[in-house]
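Following: one structure in structure tokens, then a few remarks.
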Amino acid sequence: MSYTLVHNRATPNETPEVEDDISKHKIPHTGGKWLTIGFSLATATVPMFILSVALISLVFFFKVNTGQVPHPDLQPLGTQLDQSPLLLVFLADTWLHLATKSVNVFIFSDHPSAQYSFGLNSTFTRPDCQGRDAAVSCVVDIGVQTLYLERPEISQEVLANTSSLATVNTFGDTRGTFAYFSVPPSTESLSIDYTASTFGLQSHCRPVTTQCHIRFIATAAVPFNCSNSFSGDLTSYFQKEIIHGANANLSDKAGLTGPTYTFGVVGTTGAWNKITDELSNDDDIYGMSKNVKVIIMMCNTTTYDITLDMVNSTVVRLSAQRSNDTLLNLFAAPLKLGVGNENLELAATAAMIQSKSAVEVADIFASSYSTIALSIAAQTIEARPVLAGQRRDVLLLTKLQRAPLYALLATNLLFVLVGLVLAVWAIVDAKQPVHEIQTRLTIFGLAADRFEGQRARLAVKSMDHVFEEKATTRSRRVVLEPTVQGGYEYRLG
1 MSYTLVHNRA TPNETPEVED DISKHKIPHT GGKWLTIGFS LATATVPMFI
51 LSVALISLVF FFKVNTGQVP HPDLQPLGTQ LDQSPLLLVF LADTWLHLAT
101 KSVNVFIFSD HPSAQYSFGL NSTFTRPDCQ GRDAAVSCVV DIGVQTLYLE
151 RPEISQEVLA NTSSLATVNT FGDTRGTFAY FSVPPSTESL SIDYTASTFG
201 LQSHCRPVTT QCHIRFIATA AVPFNCSNSF SGDLTSYFQK EIIHGANANL
251 SDKAGLTGPT YTFGVVGTTG AWNKITDELS NDDDIYGMSK NVKVIIMMCN
301 TTTYDITLDM VNSTVVRLSA QRSNDTLLNL FAAPLKLGVG NENLELAATA
351 AMIQSKSAVE VADIFASSYS TIALSIAAQT IEARPVLAGQ RRDVLLLTKL
401 QRAPLYALLA TNLLFVLVGL VLAVWAIVDA KQPVHEIQTR LTIFGLAADR
451 FEGQRARLAV KSMDHVFEEK ATTRSRRVVL EPTVQGGYEY RLG
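For the sequence shown, the UniProt record's numbering assigns the number 1 to the initial residue and increments by one for each residue that follows.
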């Protein structure tokens with residue numbers, strides 16, 4: 001490509017124009033074009049490319065995969081893993097920001113060492129504790145006038161709900177309500193899901209007052225007779241043992257045949273306790289006086305070996321298998337001999353106060369009995385490792401949608417591509433004297449051409465060098481003088 005500069009060499013009386021092709025002269029490029037190209041690449045194209053590479057690298061480097069849950073039975077619910085280039089970049093970036101959301105992601109790791117299962121303490125697994133009758137002597141020490149639990153402090157702490165070893169919780173489904181040993185909230189880690197083995201009870205009661213042949217002899221004696229194995233005096237019932245075997249005439253030290261035992265219980269309200277009118281009028285509520293009411297219930301309790309799955313401190317599965325005679329008697333012997341009567345009496349009274357029917361009283365008392373009986377039996381247990389455990393860590397992460405992410409990357413790379421194309425184009429054009437001509441057409445170039453004469457036509461690296469004062473210390477003035485034609489012209493003074 002050639003560039004032609006037209007200039008006038010005419011005298012005042014002549015007007016011809018002479019064309020001088022400046023492309024025939026070797027004019028070095030004036031400095032600045034390479035710097036401009038490099039600066040454009042360094043400030044736009046290269047950073048955008050680095051940003052795109054860094055973005056995709058960070059996304060895949062920090063991509064979180066929840067992986068496989070170590071124990072599928074402990075899978076928490078809800079965690080199945082289900083324009084111009086610059087304008088395009090802006091739109092894709094906006095789309096990505098709108099589609100980005102923060103989500104909680106569960107990260108699972110195996111954790112088998114948690115002590116959340118329960119087994120029998122070694123004191124009660126000795127050979128001399130095995131069997132129906134032997135188990136009774138292992139849990140209580142029967143004296144001449146009283147009896148002692150082997151580890152009473154454990155039972156007392158669980159009854160008072162202050163134990164660091166265990167607590168008694170309940171779980172209900174179509175099979176009924178189970179009471180079972182569980183880890184106290186103060187000990188259990190909420191971030192650990194586990195499968196544990198434990199022990200439990202299930203009790204059922206029904207009112208039988210109308211079947212017990214109550215005879216009012218005097219206020220000091222109100223005998224009843226429900227069966228050969230369940231009879232007594234309503235006025236002093238809780239002063240004696242309440243658990244009787246399914247077969248009559250069992251001695252104190254004789255064991256029960258399991259895994260279910262049957263017993264009768266009498267619930268009373270004192271003169272200071274008020275029950276509802278609906279309950280007072282129930283046929284299975286006997287009025288010993290105006291304010292003292294009595295209910296007689298027949299109950300049965302079954303002991304279970306339990307396996308449960310606990311996820312986020314919630315039971316999601318409970319498997320119950322009936323236990324053997326040994327466990328039954330380890331748990332029932334203290335109550336058979338009168339331990340816990342005060343607690344059971346209060347439970348029966350509380351059930352009557354809050355119920356509207358005899359059946360409701362029986363249901364509430366059955367649940368309370370399981371809790372009290374299991375709490376007293378806590379003296380026989382110790383903590384064991386879980387059958388399976390996993391740690392569940394919750395991370396707050398940014399969830400990126402694939403479509404806007406890839407759109408942003410594509411537009412970023414398009415921006416980079418356009419920048420590279422423009423850079424190549426600029427480099428190719430830099431081989432032509434375009435920048436030189438552009439520089440000569442500035443005010444500096446025109447002033448030099450007008451006043452510096454031949455010096456202004458020399459090849460220079462900077463426009464400063466076309467002026468003579470740049471090379472010498474001599475300074476000249478520009479004056480404006482009148483012409484013969486009546487106008488003015490510039491001259492150097």
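Virtual Cβ for every residue (Gly too), placed ideally from N, Cα, C.
It should be emphasised that the depicted structure is a prediction, and the values quoted were computed from it without experimental measurement.
For residue i, which residues does DSSP report across the bridge?
{"i": "histidine 204", "result": "Asn300"}
{"i": "glutamate 489", "result": "Glu481"}
{"i": "serine 319", "result": "Thr307"}
{"i": "asparagine 104", "result": "Leu396"}
{"i": "glycine 287", "result": "Lys293"}
{"i": "leucine 149", "result": "Val140"}
{"i": "valine 265", "result": "Met297"}
{"i": "glycine 176", "result": "Asp173"}
{"i": "isoleucine 192", "result": "Arg391"}
{"i": "threonine 198", "result": "Ile306"}
{"i": "threonine 43", "result": "Answer by DSSP bridge pairing: none, since threonine 43 is not bridged."}
Quick check: what's the CA-CA separation for residue i versus residue j?
{"i": "lysine 461", "j": "leucine 417", "result": "32 Å"}
{"i": "histidine 29", "j": "alanine 54", "result": "For histidine 29, the predicted structure reports a pLDDT of 44, less than 50, and the residue's modelled location is therefore unreliable. A value from the coordinates is still provided. So the two alpha carbons sit approximately 38 Å from each other."}
{"i": "valine 421", "j": "valine 428", "result": "11 Å"}
{"i": "isoleucine 381", "j": "alanine 134", "result": "17 Å"}
{"i": "phenylalanine 415", "j": "serine 52", "result": "10 Å"}
{"i": "tyrosine 286", "j": "isoleucine 376", "result": "30 Å"}
{"i": "leucine 387", "j": "leucine 396", "result": "30 Å"}
{"i": "threonine 483", "j": "leucine 492", "result": "15 Å"}
{"i": "tyrosine 369", "j": "serine 191", "result": "32 Å"}
{"i": "glycine 264", "j": "tyrosine 116", "result": "34 Å"}
{"i": "serine 112", "j": "tyrosine 261", "result": "The displayed chain sequence assigns proline, not serine, to residue 112. Rounded to the nearest angstrom, the two C-alpha atoms are 36 Å apart."}
{"i": "cysteine 226", "j": "alanine 366", "result": "19 Å"}
{"i": "valine 478", "j": "alanine 459", "result": "24 Å"}
{"i": "leucine 149", "j": "aspartate 73", "result": "38 Å"}
{"i": "alanine 166", "j": "phenylalanine 181", "result": "6 Å"}
{"i": "isoleucine 22", "j": "glutamate 469", "result": "Model confidence at isoleucine 22 stands at a pLDDT of 36, short of 50, so the residue's coordinates are unreliable and nothing is read from them."}
{"i": "threonine 326", "j": "leucine 337", "result": "17 Å"}
{"i": "arginine 384", "j": "serine 122", "result": "12 Å"}
{"i": "valine 316", "j": "asparagine 169", "result": "14 Å"}
{"i": "asparagine 341", "j": "cysteine 205", "result": "17 Å"}
{"i": "alanine 246", "j": "alanine 333", "result": "In this prediction, alanine 246 scores a pLDDT of 37, lower than 50, which makes its location untrustworthy; the coordinate-derived value is nonetheless stated afterwards. Each residue's Cα considered, the two are about 14 Å apart."}
{"i": "serine 137", "j": "serine 109", "result": "44 Å"}
{"i": "leucine 446", "j": "threonine 45", "result": "36 Å"}
{"i": "aspartate 20", "j": "proline 47", "result": "Unreliable positioning characterises aspartate 20 in this predicted model, as indicated by a pLDDT of 41, which lies under 50. The coordinate reading is nonetheless provided below. Using only the alpha carbons, I get a separation of about 45 Å."}
{"i": "methionine 463", "j": "glutamate 452", "result": "12 Å"}
{"i": "arginine 402", "j": "alanine 42", "result": "29 Å"}
{"i": "phenylalanine 118", "j": "aspartate 305", "result": "10 Å"}
So, with DSSP's three-state summary, where would you put residue i?
{"i": "residue 494", "result": "Residue 494 is absent from the model: the chain starts at 1 and stops at 493."}
{"i": "leucine 120", "result": "strand"}
{"i": "arginine 450", "result": "helix"}
{"i": "asparagine 343", "result": "helix"}
{"i": "asparagine 8", "result": "Note on asparagine 8: pLDDT 36, under 50, position unreliable in the model; the coordinate value appears next. It is a strand residue."}
{"i": "phenylalanine 216", "result": "coil"}
{"i": "serine 113", "result": "coil"}
{"i": "serine 229", "result": "coil"}
{"i": "glycine 38", "result": "helix"}
{"i": "asparagine 329", "result": "helix"}
{"i": "isoleucine 376", "result": "helix"}
{"i": "aspartate 128", "result": "helix"}
{"i": "valine 168", "result": "strand"}
{"i": "threonine 371", "result": "helix"}
{"i": "residue 496", "result": "What is shown of the chain runs 1 to 493, which leaves residue 496 out entirely."}
{"i": "phenylalanine 224", "result": "strand"}
{"i": "isoleucine 275", "result": "coil"}
{"i": "serine 155", "result": "helix"}
{"i": "serine 462", "result": "coil"}
{"i": "threonine 472", "result": "coil"}
{"i": "threonine 162", "result": "coil"}
{"i": "threonine 314", "result": "strand"}
Return the Cβ separation of residue i and residue j in integer angstroms, given the expectation that the two are a contact with Cβ distance under 8 Å.
{"i": "isoleucine 353", "j": "isoleucine 275", "result": "6 Å"}
{"i": "threonine 301", "j": "serine 197", "result": "So it is not a contact: roughly 20 Å between Cβ atoms."}
{"i": "glutamate 188", "j": "serine 357", "result": "37 Å between Cβ atoms; not a contact."}
{"i": "proline 207", "j": "valine 103", "result": "Wrong, their Cβ atoms sit about 53 Å apart, outside the cutoff."}
{"i": "leucine 201", "j": "alanine 347", "result": "Contact flag wrong, Cβ pair sits at about 14 Å."}
{"i": "serine 164", "j": "serine 186", "result": "7 Å"}
{"i": "residue 499", "j": "methionine 310", "result": "Lying outside 1 to 493, the shown extent of the chain, residue 499 is not represented and no answer is given."}
{"i": "valine 424", "j": "alanine 448", "result": "33 Å between Cβ atoms; not a contact."}
{"i": "cysteine 299", "j": "serine 203", "result": "6 Å"}
{"i": "phenylalanine 106", "j": "arginine 392", "result": "5 Å"}
{"i": "valine 339", "j": "alanine 351", "result": "Their Cβ separation, rounded to whole angstroms, is 20 Å, which puts valine 339 and alanine 351 out of contact at 8 Å."}
{"i": "alanine 378", "j": "valine 158", "result": "4 Å"}
{"i": "threonine 349", "j": "threonine 235", "result": "About 15 Å separates the two Cβ atoms, so there is no contact after all."}
**Request:** Taking only runs that begin and end inside the segment 378–448, name each unbroken alpha helix (DSSP H) of 4 or more residues, in chain order.
**Result:** DSSP runs (the alpha helix (DSSP H)) wholly in the segment 378–448: 402–429, 434–440.
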